[in-house]
Amino acid sequence: MNKGPFKVYIDRLKSDETEKILEVVSPAFLEIEEKELSFIGEVTVSGKAYLAKDHLILELKIEAKAQMPCSVCNESTLVTVESNDYTHIKETSEISSSVYDYSNEVRSAILLKIPPFFECNHGHCPQRKDLHKYRAKSSPETHNPFSDLSI
Numbered sequence: 082m083n084k085g086p087f088k089v090y091i092d093r094l095k096s097d098e099t100e101k102i103l104e105v106v107s108p109a110f111l112e113i114e115e116k117e118l119s120f121i122g123e124v125t126v127s128g129k130a131y132l133a134k135d136h137l138i139l140e141l142k143i144e145a146k147a148q149m150p151c152s153v154c155n156e157s158t159l160v161t162v163e164s165n166d167y168t169h170i171k172e173t174s175e176i177s178s179s180v181y182d183y184s185n186e187v188r189s190a191i192l193l194k195i196p197p198f199f200e201c202n203h204g205h206c207p208q209r210k211d212l213h214k215y216r217a218k219s220s221p222e223t224h225n226p227f228s229d230l231s232i
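Numbering of the sequence shown is given in the working numbering, commencing with residue 82 and proceeding in unit increments.
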């Protein structure tokens, strides 16, 4: 029987066994078609699956590489997206067959770990110094409406 990616066979776990997980797949399953976000290379998922009473428990480490623009210079930058301690718990009564497909959980975990802002050169974009001239200058004369109050 050919086991597809991101599938756990529940009936194989009935005898208190732990299934080791190691999947290295194309990022196509993420279905990301954004101008400023793409995934390159392979997505790696490792961990284990086991049953605890009437629950399926997945403990996963997920890693992917994303291409996204630097928040400062807008140059395309490679970002490592990883979740080192992702745990998913599913009641076995909610699983309609003996095969559980956890690809949606992996996709959600990756998407939640994408940083909203990213700066190239490990957070030290060389063009950051050019932005200082656009920062608001604080006025030495500020008015405090409460300065005349006494207690």
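Just so you know, even glycine gets a beta-carbon here, dropped at the ideal spot from N, CA and C.
- Message: Just to confirm my understanding: we take Ile121, look at its own chain, exclude 5 residues before and 5 after, and list those with CB closer than 8 angstroms. What are they?
- Response: Cβ neighbours of Ile121 beyond the five flanking positions: Pro108, Lys146, Ala147, Gln148 and Leu159.
- Query: Nearest to Tyr90 by alpha carbon, out of Ile195, Leu132 and Ser127?
  - Reply: Checking every option, the nearest Cα to that of Tyr90 belongs to Leu132.
- What is the DSSP secondary structure of Ile97, counted as helix, strand or coil? Reading the sequence as shown, one finds Asp at residue 97 and not Ile. Coil at Asp97, not helix or strand.
- Item | Close Cβ partners of Thr173 (< 8 angstroms) along its chain, the five nearest in sequence each way excluded | Closer than 8 angstroms at Cβ, skipping near neighbours: Ile91, Leu132, Asp135, His136 and Leu137.
- Message: Short of 7 angstroms in beta carbon distance, which residues of its chain neighbour Cys154, apart from the five on each side in sequence? Order them along the chain.
- Response: For Cys154, the CB contacts under 7 angstroms within the same chain, skipping 5 residues up- and downstream, are Cys201, Cys206 and Gln208 in chain order.
- Item | Alpha-carbon to alpha-carbon, Phe198 and His213 | About 19 angstroms.
- Query: Just reading off the beta strand (DSSP E) that Glu186 is part of, what are its end residues?
  - Reply: Run containing Glu186: none in the beta strand (DSSP E); it sits in the alpha helix (DSSP H), Ser184 to Leu193.
- Query: When burial is assigned at 16 or more other CB atoms within 10 Å of the CB, is Val105 buried or exposed?
  - Reply: Exposed, because fewer than 16 other Cβ atoms sit within 10 Å of the Cβ of Val105.
- Query: Which parts of the stretch 120-172 are runs of the beta strand (DSSP E), unbroken and 3 residues or longer, counting only runs that do not cross its ends?
  - Reply: For the stretch 120-172, whole beta strand (DSSP E) runs of length 3 or above, ordered along the chain, are 136-150 and 157-172.
- Task: Tell me whether the beta-carbon of Tyr183 lies closer than 8 angstroms to the beta-carbon of Leu139.
- Result: Against a cut-off of 8 angstroms, the Cβ pair of Leu139 and Tyr183 comes out as a contact.
- Message: Taking its Cβ as the centre, do 16 or more other Cβ atoms sit within 10 Å of Phe227, making it buried, or is it exposed?
- Response: Answer is exposed; the Cβ neighbour count stays below 16.
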